[in-house]
Amino acid sequence: MPQRLLLFAATTGYQVRVFADAARRLGIEFTLATDRCHILDDPWGDQAVPVRFDRISESVDALRGLRFDAVAAVGDRPAVLAAAAAEALGVLFHPLSAARACNDKFLARQLYQAAGLPVPEFFRATIEEEPQTVAARAPFPCVLKPLGLSASRGVIRANNETEFVAAFR
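In structure tokens, the structure reads:
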């Protein structure tokens, strides 16, 4: 019986094709788990498993009873679901707590601090807060970061309150 890989990915881009091609060359059965469509019945004809990256429990429940020898993930959001699925399916992958920390900059900073690692001063603010009120709590210069984006998306340096307020909006 060939080994089976379940790949969690948000797109059908080149990364997915690379995984699929490599699996094929190695004789591994490849299944894609993606949130690209939940309504149509296999619109791309690739037998992908529909999942929702924002509904971890529901998606993991849908995978129960399936057999895979390994899981992999492309991207931040898919990695959290892949970790939860691996745990439920009994295959090795990153611990769910680690995947969650990698997907949440505030949580990661808290964990670094708790481990005794040096971290710059940080705090969490919500988008509903008044920018001026949040700016009053910030040391300058500082960096504003969204919790979940990666590859420096949304990361803005603010040298003073005016720049902070502009960046926060």
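Under numbering that gives the first Met the number 0, the letters of the sequence shown match residues 0 to 168, in that order.
Idealized CB from N, CA, C, for every residue including glycine.
It should be emphasised that the depicted structure is a prediction, and the values quoted were computed from it without experimental measurement.
Assuming A98 contacts A78 under a Cβ cut-off of 8 Å, what Cβ separation, rounded to an integer in Å, is found between them?
5 Å
In the DSSP output, what is R3 paired with across the bridge?
E28
Assign A97 to one of three DSSP states: helix, strand, or coil.
Helix, per DSSP.
Three-state secondary structure (DSSP) at P77?
helix
Let me know the secondary structure DSSP gives R156 once reduced to three states.
strand
Assigned exposure category for V15 - 16 Cβ within 10 Å defines buried
buried
Spatial neighbours of L5 in its chain, beta-carbon cut-off 6 Å, leaving aside the 5 residues before and after
T30, A32, F67, V70
Does DSSP classify V118 as helix, strand or coil?
V118 falls in the coil class under three-state DSSP.
For D53, is the classification buried or exposed, using 16 other Cβ atoms within 10 angstroms of its Cβ as the cut-off for buried?
Label assigned to D53: exposed.
Would you report the Cα separation of N158 and A100, rounded to the nearest angstrom?
28 Å
L88 (DSSP reduced to helix, strand or coil)
Per DSSP, reduced to three states, the secondary structure at L88 is helical.
Return helix, strand or coil for T125, following the three-state DSSP convention.
Per DSSP, reduced to three states, the secondary structure at T125 is coil, with no helix or strand assignment.
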